[in-house]
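Report on the following structure.
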Amino acid sequence: MKISAITKLSRKASDSLVLAYFAKEKFSSHLFFKLLKNSEKRLVEQYFKNNNFSAKQNEVKVLPRVGQGKILLVGLGERAKWNLRRAVLVARQIVVVAKAEKILQLSLPFDNFVVVGVTDERLGQTVAENAVMANYEFTQYRTKPEKVFSVSSINFFTLAKSYQAVQKGTEVGLIMGEQVNLARDLGNIPGGEMTPKLLAEKARQAGKQNKFKVRILGVAEMKRLKMGAILGVAKGSAEQPRFIIMEYNGGKKSQRPLVFVGKGVTFDTGGLNLKPGKNMNDMHLDMLGGAAVIAALSAIAKLKLPANVVGLVPAVENMPGNAGYRPGDLLRSMSGKTIEIQNTDAEGRVILADALTYAERFNPEVVLDIATLTGACMVALGLQASGLMTTSSSLQAELMAVGESSGDYVWPLPMWEEYEDEVKGTFGDVQNDGKNSPYGGAIAGAMFLKQFVGKALWAHLDIAGPMKTFDGQFLAKGASGVGVRLLVEFARKKFDK
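Residue numbers for the sequence shown follow the numbering used here, beginning at 1 and rising by one.
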């Protein structure tokens, strides 16, 4: 998809135009209205006067033009309630409708989307990235796929004084949308194909394309590093684990890096604590934390951010094989701490333990781990937000602000000392399931991870809720690509001064 900011409007009847209105706005006041032929103006007028269009939020009417183009009447709802979240949904909906109507190119009035307190550059990025996300479909496994129709270009008409800021924002938005879609592609590949080996290869390809370093550790290297937690989880699978290390060095040599750690369970059966059948169909998505880290490193490199960023992804399958780890096992982690296995379906935190220990080697300023960790977080927060857990109030505030501006919304859960006892082991140092499970399950998962964190500031993001799209988001079904925008925006805010 091509997205450009423009300052001159075309009068061709073959062009498709978006006429976006707030409720109670006069139809003739729209800056695109003057571009219409007289017959088209009368048609728009009829829709308003006959109450066929009242500009309610999510309301869209498609009208024909004299030529091949179409008019999209788009409702923005009440002006007083207009905000960035609504702009996100409208941008997506416009593209979804354009795809259904087989509109290749359309122009929309960028200045209609202005949000109080949001810069033109930020708004340009947001609208562009969400347009690209809405244009995405995953169809590569259909034997006889219908021809997938995609919108090829969108023009943002804007006033000359804001043109450069809008154009800069759209350029960033295109990159961001494409990399979110990369994470979605990785997640949507079936678990029988998306093995730890393939995930590592996809990371290597991303590094080669975007010029950041990638190293892949196999079983022998992990044994030398005494990564007993990762190796323990991987024992039940015929697919050998991989440990993916990605490094982007765009900042000063003296700058301590950010380390992003992503859970990479390419398929999770639950192990010997086997999941119910109805819960297993989506378990190829259990590597979306790792996918988000790979895509975020790609975006950061494409944007050439002045930051040093490390991405770590422990990649395994969790299978109930003959050699699989068992409830009651004690695994010795890379940190030296022993992990008492209460539940083999709480494997994500176990593999992240070794990755968090490995992160200390980089002397990081901040460590963020991102994982589809618990169903408990979905119960607490639903599908709309990721759980945020940290012991740093300043980092919590930063991540909540970044979540809001990026569109990867987060909400905090407590990390009080009282929860620490949940994960104290009886026979080992720490146990991998809370003592009062399932109560407080998301917090217990974070408390477990905290035991393996070094001196750096650290936060845990539980993305289980928003890992896949749902109705009303105007996104194709499947992996959502959650976390990519938040990680990149965090790096930008941290270092792009």
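The beta carbon of each residue, even a glycine, is placed where N, CA and C say it ideally should be.
Exercise for review: Compute the distance between the beta-carbons of residue 114 and residue 295, then report whether it is under 8 angstroms.
Suggested key: Not closer than 8 angstroms, so no.
Exercise for review: Sort out for me which residues DSSP pairs residue 387 with in a bridge.
Suggested key: Per DSSP, 411 and 462.
Check your understanding: If you draw a straight line from the C-alpha of residue 154 to the C-alpha of residue 106, how long is it?
Key -> The C-alpha of residue 106 is placed about 5 angstroms away from the C-alpha of residue 154.
**Study point:** Beta carbon of residue 241 nearer than 8 angstroms to that of residue 307
**Key:** No, the pair does not count as a contact, with Cβ atoms beyond the cut-off.
Practice item. Identify which residue in 133, 182 and 350 has its Cα closest to the Cα of residue 233. Key: The shortest C-alpha separation from residue 233 is found at 350.
Check your understanding: Going straight from the alpha carbon of residue 354 to that of residue 74, what length do you get?
Key -> C-alpha of residue 354 to C-alpha of residue 74: approximately 50 angstroms in a straight line.
Exercise for review: Buried or exposed for residue 158, please, with buried defined as at least 16 other CB atoms from any protein chain shown within 10 angstroms of its CB.
Suggested key: Residue 158 is buried by the Cβ-count criterion.
Review point. Nearest-angstrom Cα distance between residue 209 and residue 422?
Key: Roughly 44 angstroms between the two C-alpha positions.
Point to revise | Boundaries of the alpha helix (DSSP H) in which residue 495 is found, first to last residue | key: Note, residue 495: alpha helix (DSSP H), 484-495.
Check your understanding: Is residue 83 buried or exposed, if buried means 16 or more other CB atoms sit within 10 Å of its CB?
Key -> Residue burial annotation: residue 83 is exposed, with fewer than 16 other C-beta atoms found within 10 angstroms of its C-beta.
Review point. In terms of residues, what are the limits of the beta strand (DSSP E) holding residue 217?
Key: Residues 213-217.
**Study point:** residue 323 classed as buried or exposed, judged by whether at least 16 other C-beta atoms fall within 10 angstroms
**Key:** Counting every other CB atom within 10 Å of its CB across the protein chains shown gives residue 323 a total below 16, marking it as exposed.
Point to revise | C-alpha gap between residue 62 and residue 390, whole angstroms | key: Residue 62 and residue 390 have their C-alpha atoms some 47 angstroms from each other.
Practice item. Using a threshold of 8 angstroms, state whether the C-beta atoms of residue 413 and residue 445 are closer than that. Key: No, the pair does not count as a contact, with Cβ atoms beyond the cut-off.
Check your understanding: What number of angstroms, rounded off, separates the C-alpha of residue 261 from the C-alpha of residue 109?
Key -> Going by the C-alpha atoms only, they are around 40 angstroms apart.
**Study point:** Whole-angstrom C-beta distance between residue 71 and residue 17, which should lie under 8 angstroms
**Key:** Cβ atoms of residue 17 and residue 71 come within 8 angstroms of each other, at about 6 angstroms.
Practice item. Determine the extent of the beta strand (DSSP E) in which residue 130 is found, giving its start and end residues. Key: Per DSSP, residue 130 belongs to no beta strand (DSSP E); it is in the alpha helix (DSSP H), 120-134.
Point to revise | Simplified DSSP state of residue 272, which is helix, strand or coil | key: Correct three-state label for residue 272: coil.
**Study point:** Inter-stretch contact (C-beta, 8 angstroms, three-pair minimum) for the stretch 251-267 and the stretch 278-286
**Key:** Touching, per the Cβ criterion.
Practice item. Can you give me the start and stop residues for the alpha helix (DSSP H) that residue 321 sits inside? Key: Looking at the DSSP string, residue 321 is not in any alpha helix (DSSP H), and its letter there is neither H nor E.
Check your understanding: Which class does residue 246 belong to by DSSP, given the choice of helix, strand or coil?
Key -> If DSSP states are grouped into helix, strand and coil, residue 246 belongs with the strands.
Point to revise | Limits of the unbroken alpha helix (DSSP H) element including residue 448 | key: Start and end: 441-450.
Practice item. Using three-state DSSP, classify residue 58 as helix, strand or coil. Key: In this structure, residue 58 counts as coil in the three-state DSSP scheme.
**Study point:** Close Cβ partners of residue 381 (< 7 angstroms) along its chain, the five nearest in sequence each way excluded
**Key:** Counting only Cβ-Cβ distances below 7 angstroms, and skipping sequence neighbours, we find 387, 411 and 465.
Practice item. Using a threshold of 8 angstroms, state whether the C-beta atoms of residue 237 and residue 287 are closer than that. Key: No; because the gap between Cβ atoms is not below 8 angstroms, this pair is not in contact.
Check your understanding: Just reading off the beta strand (DSSP E) that residue 156 is part of, what are its end residues?
Key -> Element bounds for residue 156: 153-157.
Check your understanding: Quick check: the stretch 209-224 against the stretch 163-178, are there 3 or more CB pairs under 8 angstroms?
Key -> At 8 angstroms Cβ cutoff, the stretches do not touch.
Exercise for review: Can you grab the Cα-Cα spacing for the pair residue 275 / residue 252, in whole Å?
Suggested key: Answer to the nearest angstrom: the Cα atoms are 46 angstroms apart.
Check your understanding: With 16 as the cutoff for other CB atoms within 10 Å, does residue 328 come out buried or exposed?
Key -> Taking a 10 Å sphere around the C-beta of residue 328, we find fewer than 16 other C-beta atoms and assign the residue as exposed.
Point to revise | Inter-residue spacing [alpha-carbon to alpha-carbon] between residue 144 and residue 250 | key: A direct Cα-Cα distance of roughly 44 angstroms separates residue 144 from residue 250.
Practice item. Please name the residue, chosen from 167, 298 and 360, that lies closest to residue 205 on a Cα-to-Cα basis. Key: Ranking the options by Cα distance to residue 205, first place goes to 298.
Exercise for review: In the DSSP assignment, find the unbroken beta strand (DSSP E) run with residue 109 in it and report its ends.
Suggested key: Note, residue 109: beta strand (DSSP E), 105-109.
Review point. Nearest-angstrom Cα distance between residue 165 and residue 120?
Key: Approximately 6 angstroms between the Cα atoms of the pair.
Check your understanding: Given 8 angstroms as the limit, is there contact between the stretch 125-135 and the stretch 33-53, that is, 3 or more CB pairs closer than that?
Key -> Fewer than three Cβ pairs drawn from the stretch 125-135 and the stretch 33-53 lie within less than 8 angstroms of each other, which leaves the two stretches out of contact.
Review point. How big is the Cα-Cα spacing for residue 103 and residue 258?
Key: If I take the Cα positions, the gap works out to 42 angstroms.
Point to revise | Limits of the beta strand (DSSP E) - the one that residue 3 falls within | key: Membership of residue 3 in the beta strand (DSSP E) is indicated by the continuous run 2-6.
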